[in-house]
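Since the structure comes first, as structure tokens, the remarks are kept for the end.
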Amino acid sequence: MNSITELFGPSITELELKTVMDAMQNGWYGSQKYWYVEKFEREFAQYHGRKYAMMTPNCTSAIHLLLLGLGIGPGDEVIVPECTWIASATNITHIGAKTVFADIDENTWCMSAESLERVITPKTKAVIVVDLYGNMPDMDAIRSVTKKHGIYLIEDAAGALGSVYRDKRAGSFGIGSVFSFHRTKTITTGEGGMLLIDDQKLYERCHFLRDHGRSRDKHYFNDEVAYKYMPCNLLGSLGYAQFQRVEELVQAKRHLLECYRLVFADVPDLYLNPEPPEGRNGAWCTALIFGRSHKINKEYIISELAKRGFEGRPFFYPLSSMPAYGSRGAEMALKNPIAYDLSCRGICLPAAFRTSDTQLLEYSNAIRSVLGLAPKIDLNE
Ligand SMILES: Cc1ncc(COP(=O)(O)O)c(C=O)c1O
């Protein structure tokens, strides 16, 4: 393997080491038990213009809590886009509701409002839109559909920290939104997530469900059989420290996206993460879509990269095409053609914080060589 063997990885500095050490030494007793978690929650909510934030063990459990808090269950339908990590969708099954797949938009790679409207039925309770790889869907159009049909809008902003759409931050849309602090994300706690909510009753319900349905009035007394999705102060301290560096980290991600733009600027019919209207892409992960004229698919590119010593990561497969959702590719490719087409032609590019410009150039030149193009010697060449 070449010098880039890690596609993802965090940026950890003295600040994180010192903060976690402080939590290790002092964060166990009295008001210190959840001190970092609570500070992190407060500042994270504030940054996103939300009233409440709740840290969770991961983003997947944040989605679960929100669906439970909204009272969605058997007999209900929830819509998700075809192209996303499976975590956006799994909890729909776990709560006993039906998963319905919508198509994506060719330009944003996120759910399209037209497709969303097409799959709404009287049983639809919610839609989970995904800010894929830091991209943003056409939120104005999505919101007008959810309002018209009276369904909940949930924003899966797992990978969209720092993205902005029309001056509003990713994570500020809908009844609730979720973030991931997985090892691969822009800010990380190894595993971790955050649920953002504005409605007080919904917040209280999710809060209650997060810790075994404990009674408010009586110690060690449980009102319902609920869940154990409590955060940990050590992880909270890491998240808090990382979050102090949010702008620096988002700028580092954007630097990678901008470098990829430079390296591929001379190649027609290649597409990288777009900037949202009147906003910016937080660029958690730069993806590259090969236009149809290249007559190339992701498996071929990934196998050619492997021959050159580089690891490749595919664009998300349409969920309905996989065994987990019944391998329904033949039927669903007709219903959601853009997701099926675009997914075949996309890969994700190295996004680790320690990726140097030289490594980025080496990787990009490997792609250029698969396309039969001369290497670039310099990013600005
Ligand atoms: C779009 C999306 N949603 C949800 C998740 C789940 O996040 P976690 O691994 O923190 O549960 C991910 C993880 O990568 C994701 O990419």
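When we follow our numbering, the leftmost residue of the sequence shown carries the number 11, and every step to the right adds one. All C-beta atoms in this analysis are idealised placements derived from N, C-alpha and C, irrespective of residue type, glycine included. Remember, it's a predicted structure, so these values are computed and weren't measured experimentally.
Inset, instruction - Give the C-beta separation of residue 244 and residue 30 to the nearest angstrom, bearing in mind that I take them to be a contact with Cβ-Cβ under 8 Å. - result: With 8 Å as the limit, residue 244 and residue 30 qualify as a contact, their Cβ atoms being about 6 Å apart.
Inset, instruction - Less than 8 Å between the CB atoms is what I'm expecting for residue 88 and residue 110, so what's the real figure, rounded? - result: With 8 Å as the limit, residue 88 and residue 110 qualify as a contact, their Cβ atoms being about 7 Å apart.
Legend entry - C-beta atoms of residue 106 and residue 132 nearer than 7 Å: Not a contact, by the Cβ cut-off of 7 Å.
Legend entry - Residues sharing a beta bridge with residue 353, DSSP: Beta-bridge pairing links residue 353 to no other residue.
Legend entry - Counterpart residues of residue 140 in DSSP-defined beta bridges: 166, per the DSSP bridge assignment.
Inset, instruction - For the beta strand (DSSP E) containing residue 66, list its first residue and its last residue. - result: Looking at the DSSP string, the run of the beta strand (DSSP E) that includes residue 66 is 62–66.
Inset, instruction - May I ask which residues mark the beginning and end of the beta strand (DSSP E) holding residue 189? - result: That run of the beta strand (DSSP E) goes 186–190.
Legend entry - Spatial distance of residue 35 from residue 54 (CA atoms): Taking the straight line joining both Cα atoms gives about 24 Å.
Legend entry - CA nearest to the CA of residue 359, picked from 335, 340, 383, 326: Answer by Cα proximity: 326.
Legend entry - Opposing strand residues paired with residue 221 [DSSP bridges]: The secondary-structure analysis by DSSP pairs residue 221 across a beta bridge with 238.
Inset, instruction - State the start and end residues of the unbroken alpha helix (DSSP H) segment that holds residue 249. - result: Note, residue 249: alpha helix (DSSP H), 243–254.
Legend entry - Length-filtered (4 minimum) alpha helix (DSSP H) runs lying within the stretch 297–338: Runs of the alpha helix (DSSP H) lying entirely within the stretch 297–338 and spanning at least 4 residues, in chain order: 308–317.
Inset, instruction - Kindly list the residues whose CB is nearer than 6 Å to the CB of residue 370, restricted to its own chain and excluding five residues on each side of it in sequence; keep chain order. - result: These residues qualify, in order along the chain: 269.
Inset, instruction - Go ahead and pull the three-state DSSP assignment for residue 206. - result: Judged by DSSP in its simplified three-state form, residue 206 adopts strand.
Inset, instruction - Would you list the residues whose beta-carbon is nearer than 6 Å to any heavy atom of ligand 1, in the order they occur in the chain? - result: So the residues near ligand 1 by this Cβ test are 68, 69, 70, 94, 95, 97, 98, 140, 166, 168, 169, 190, 192, 203.
Legend entry - Beta-carbon separation (whole angstroms), residue 352 vs residue 114, contact threshold 8 Å: Contact annotation, residue 352 with residue 114: C-beta distance approximately 7 Å; criterion of less than 8 Å satisfied.
Legend entry - Contact under 7 Å by Cβ, residue 167 with residue 151: In this structure, residue 167 keeps its C-beta atom at 7 Å or more from the C-beta atom of residue 151.
Inset, instruction - Could you tell me whether the Cβ of residue 292 comes closer than 7 Å to any Cβ of chain B? - result: Protein chain content of the structure displayed is limited to a single chain, and chain B is not contained in it.
Legend entry - Alpha carbon of residue 50 to alpha carbon of residue 136, nearest angstrom: Approximately 28 Å, taken between the alpha carbons.
Legend entry - Test item: CB-CB of residue 19 and residue 364 under 7 Å: Contact: yes.
Inset, instruction - Pull up the DSSP beta-bridge partners for residue 178, would you. - result: Bridge partners of residue 178 according to DSSP: 175.
Legend entry - CB of residue 335 within 7 Å of CB of residue 344, strictly: No, the Cβ-Cβ distance between residue 335 and residue 344 is not below 7 Å.
Legend entry - Candidates 247, 65, 212: closest to residue 190 by CA position: Relative to residue 190, the option among 247, 65, 212 whose CA is nearest is 65.
Inset, instruction - Compute the distance between the beta-carbons of residue 355 and residue 299, then report whether it is under 7 Å. - result: Yes, the Cβ-Cβ distance between residue 355 and residue 299 is below 7 Å.
Legend entry - For residue 152, the first and last residue of its enclosing alpha helix (DSSP H): Counting along the chain, the alpha helix (DSSP H) containing residue 152 begins and ends at 149–159.
Legend entry - Under the three-state DSSP convention, the category residue 110 falls into: In this structure, residue 110 counts as strand in the three-state DSSP scheme.
Legend entry - Minimum C-alpha distance to residue 394 - residue among 45, 266, 265, 40: Given that the chain is displayed from residue 11 to residue 391, the structure contains no residue 394 and the question cannot be resolved.
Legend entry - Range of the contiguous alpha helix (DSSP H) that encloses residue 30: Where residue 30 is concerned, the enclosing alpha helix (DSSP H) stretches over 24–36.
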